[in-house]
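*Asks:* This is the structure I have questions about; it appears just below.
In our numbering, the protein residues as written are 765 to 865.
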């Protein structure tokens, strides 16, 4: 189980990324648009850099949806490898069966 503070910080980052998403995309487009003047592109880059640091989606971390574990995350299930294994053994993941050969 991850610390509650880390989980809450991640949720706060997700909110900030969502809030600034459209502005960030527009500034990025404007900063590389060849049809704009150099001054306009520089202004767009300055506005992009003035956004909060947590507005960048690269600052997000994939975490287990049940306990917030950051390592061993499986995208297909949204779970960590440990939680996924426990749920699969109990038969609570539809379509997942234990393999044997």
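Ideal placement from N, C-alpha and C gives every residue a C-beta, glycine not left out.
Looking at C-alpha atoms only, which residue of 844, 819, 849 is the closest neighbour of residue 832?
*Replies:* For residue 832, the nearest C-alpha among the options comes from 844.
*Asks:* I'd like the list of long-range same chain contacts for residue 820, defined as Cβ closer than 8 Å, with 5 residues on each side in sequence excluded.
*Replies:* For residue 820, where only same-chain residues beyond five positions count, the Cβ hits under 8 Å are 781, 788.
*Asks:* In its own chain, which residues sit with a C-beta less than 6 Å from the C-beta of residue 848, not counting the 5 before and 5 after it?
*Replies:* Once the five neighbours on either side are set aside, the close Cβ partners of residue 848 are 838, 841.
*Asks:* Quick check on the burial criterion: 16 or more other C-beta atoms within 10 angstroms. Buried or exposed for residue 814?
*Replies:* The residue in question, residue 814, is exposed, as its Cβ has fewer than 16 Cβ neighbours within 10 Å.
*Asks:* Decide if residue 828 is buried, meaning its Cβ has at least 16 other Cβ atoms within 10 Å, or exposed.
*Replies:* It counts as buried.
*Asks:* According to DSSP, is residue 829 part of a helix, a strand, or is it coil?
*Replies:* If DSSP states are grouped into helix, strand and coil, residue 829 belongs with coil.
*Asks:* Per DSSP, what kind of secondary structure is residue 769 in: helix, strand or coil?
*Replies:* Of the three classes helix, strand and coil, the one that applies to residue 769 here is helix, per DSSP.
*Asks:* Restricting to Cα atoms, I'd like to know which of 765, 767, 779, 766 is closest to residue 818.
*Replies:* With distances taken between Cα atoms, residue 818 lies closest to 779.
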